[in-house]
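*Asks:* Each residue of the sequence shown is one higher than the one before, counting from 3 in the numbering used here.
Here a beta-carbon is modelled for each residue, glycine too, at the ideal position from N, C-alpha and C.
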Amino acid sequence: MLTSPVTPSAPTHAPGSAPTSSAHPTLPSAGLPTGQGVYSCSGPELTFDQMHDLLRHDARVKVAMIDIDGVFRCKTFLKEKVLSSFEDGFDFIPILFGWDVMDMPYTVPTPFGNAEEGFGDVWARLDTRSFRRLPLEDNMPFFLLRIADRAGRSIPVCPRTVLAKVMREYAELGLEPLCGIELEYFNFRETPQSLAEKEGSKLEHITPGKFCFSVMRPFAEKAYFNDITEKCDQMGIPIEAMHTELGPGVYECALQYTNAMDLADRAAMFKMTVKQVALTHGMIASFMAKPVPNIPGCSGHMHMSIRHLATGANAFFDPLAGPTPEDPYRAIGMSDTMSAFITGLLVGLPSILAILAPTVNSYKRLVENYWAPVFVSWANQQRAAAVRVIIPMRPRAENTADPSSATATRGAP
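#1: Shortest alpha-carbon distance to E178 belongs to which of I241, F188, T231, A315?
#2: Could you pull out every residue in the same chain whose Cβ sits closer than 6 Å to the Cβ of I241, ignoring the five residues on either side in sequence?
#3: In this structure, how does DSSP classify M336 when only helix, strand and coil are distinguished?
#4: Please report the distance separating the alpha-carbon of E206 from that of Y365.
#5: Please determine if the segment 47-66 and the segment 79-98 are in contact, where contact requires at least 3 C-beta pairs separated by less than 8 Å.
#6: Just reading off the beta strand (DSSP E) that Q383 is part of, what are its end residues?
#7: Could you check if S23 is buried or exposed, using at least 16 other CB atoms within 10 Å of its CB as the buried criterion?
#8: For the alpha helix (DSSP H) containing A315, list its first residue and its last residue.
#9: Does the Cβ-Cβ distance between I334 and F318 come in under 8 Å?
#10: How about L146 and A126: are their beta carbons less than 8 Å apart?
#11: From the DSSP output, in three-state form, read off F213 for me.
#12: Have a look at P360 and D71 and give me their C-alpha separation to the nearest angstrom.
#13: Can you tell me which of I239, Q236, I208 puts its alpha carbon nearest to the alpha carbon of Y226?
#14: Below 6 Å CB to CB, which residues in the same chain sit around V124 once its five sequence neighbours on both sides are set aside?
#15: Give the list of continuous beta strand (DSSP E) stretches no shorter than 3 residues that lie fully inside the segment 70-136.
#16: Note down, in chain order, each residue of its chain lying with its Cβ closer than 8 Å to the Cβ of L197, except the 5 sequence neighbours on either side.
#17: Below 8 Å, can you find three or more Cβ-Cβ pairs linking the segment 163-183 to the segment 258-265?
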């Protein structure tokens with residue numbers, strides 16, 4: 003389970019990461035973090051000179067946007083193309099926002115995915131604060147993108163754009179949304195070829211049987227288990243806790259609490275990194291909601307709270323708060339801000355379910371008796387509720403799902 007400090011701070015580099023080699027030098031020291039990446043949306047943007055120096059030994063650069071389903075869409079450029087587009091950006095195809103995870107157009111036409119609109123380009127710029135090096139791709143530089151239309155206006159179907167807007171709205175109120183997430187996933191001893199041949203059924207789990215918090219199962223696959231944490235550290239994705247979950251070959255990783263934008267970026271990159279690590283070990287990692295029938299599926303429990311920017315104090319905590327005649331179910335310590343936040347979650351959940359549960363398979367998980375919520379509900383310390391209120395001295399709300407889309411929609415003030 004995640005812990006959420008009252009005044010968490012986002013690390014600016016991977017904990018314990020070694021300095022980069024001379025082939026991939028660290029950033030200049032002019033107020034910037036060193037290490038393998040910048041890692042924080044709250045950090046400074048890189049200047050052109052810093053970018054030029056950072057990439058001086060690289061030939062190519064990988065960039066990625068995140069689509070509405072939380073899937074990375076990547077492109078690899080020559081370094082010279084990236085540097086020449088540093089100030090003004092470059093074209094990017096918008097049809098990716100009009101396709102589902104199988105590259106099929108959505109049934110409701112969108113301005114981004116139908117032929118009548120001509121499939122014109124949108125504008126993309128590097129978010130230089132997202133810089134990493136990809137440890138499994140020869141330390142290739144990696145950046146996330148900001149997407150806008152040709153007039154420079156934000157695109158409402160870009161999850162990172164929406165979340166950035168929400169972050170600004172919170173800042174105007176003197177607040178900052180904080181999030182952590184617990185991600186569960188199945189691990190199969192399969193390859194892409196065997197997966198296709200078996201048509202996704204009767205797959206071989208890396209370990210048999212159900213055993214939560216096992217000692218021996220991680221040991222049996224220790225090379226894979228430890229490689230996940232190592233590569234995530236190198237990517238600036240701190241894993242606070244990792245263990246086996248309820249199901250054959252199921253792992254859970256809790257990502258460290260931080261601001262909502264950094265958490266969303268890290269969660270998307272975590273899934274990419276785990277899948278890459280799995281492939282190098284002859285495995286397939288699946289975050290699918292319900293990959294195997296008759297056993298619990300994969301959740302994405304998101305922990306959320308808000309802090310005051312001026313003081314760092316947790317806005318969800320009021321030491322004098324508790325049950326009243328008008329509000330008999332209020333938990334001890336639950337502030338008015340937290341009560342209003344939960345009210346917003348409950349009101350909004352039905353409307354945003356298409357984003358939180360975007361596939362048919364999602365609804366195979368949302369059934370009774372399988373550790374998943376089936377009603378719009380909240381409760382104190384109750385894991386079956388859609389929103390679980392956790393109030394020790396570090397109060398937060400836990401909500402059971404793409405991290406960028408989910409964070410943006412659930413966190414709107």
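*Replies:* On the basis of the data shown:
#1: For the purposes of this step, residue 178 is taken as residue 176 along the sequence shown, with counting starting at 1. That would be A315, whose Cα lies nearest to the Cα of E178.
#2: Working through the sequence shown from its first residue, we reach residue 241 at position 239. Correct list, in chain order: T231, C234, C255.
#3: Indexing the sequence shown from 1 puts residue 336 at position 334. In the three-state reduction of the DSSP assignment, M336 falls in the strand class.
#4: Within the sequence shown, numbered from 1, the residue matching residue 206 stands at position 204. Within the sequence shown, numbered from 1, the residue matching residue 365 stands at position 363. Roughly 24 Å between the two C-alpha positions.
#5: yes
#6: For the purposes of this step, residue 383 is identified with residue 381 of the sequence shown, where counting begins at 1. Counting along the chain, Q383 falls outside any beta strand (DSSP E), and DSSP gives it neither H nor E.
#7: Position 21 of the sequence shown, counted from the first residue, corresponds to residue 23. Low confidence applies to S23: its pLDDT is 34, below 50, so where it sits in the model is not reliable, and the reading given next is rough at best. Per the 10 Å Cβ criterion, exposed.
#8: As a working note, residue 315 is residue 313 in the sequence shown. Note, A315: premise wrong, no alpha helix (DSSP H); not H, not E.
#9: Reading the sequence shown from its first residue, position 332 is the one you call residue 334. Reading the sequence shown from its first residue, position 316 is the one you call residue 318. Contact: no.
#10: Within the sequence shown, residue 146 is the residue found at index 144, counting from 1. Within the sequence shown, residue 126 is the residue found at index 124, counting from 1. No, the Cβ-Cβ distance between L146 and A126 is not below 8 Å.
#11: Here residue 213 refers to the residue found at position 211 of the sequence shown. Coil.
#12: Taking the first residue of the sequence shown as position 1, residue 360 is located at position 358. Taking the first residue of the sequence shown as position 1, residue 71 is located at position 69. The alpha-carbon atoms of P360 and D71 are separated by roughly 7 Å.
#13: The residue given as residue 226 occupies position 224 in the sequence shown. In this structure, I208 is the residue among I239, Q236, I208 with its C-alpha nearest to the C-alpha of Y226.
#14: Your numbering for residue 124 matches position 122 in the sequence shown. Contacts found: F94, P96, I149, D151.
#15: 74-80, 92-94, 124-136, all fully within the segment 70-136.
#16: Taking the first residue of the sequence shown as 1, we reach residue 197 at position 195. Short of 8 Å from the beta carbon of L197, and not among the five residues preceding or following it, lie these beta carbons of its own chain, in chain order: F190, L205, I286.
#17: yes
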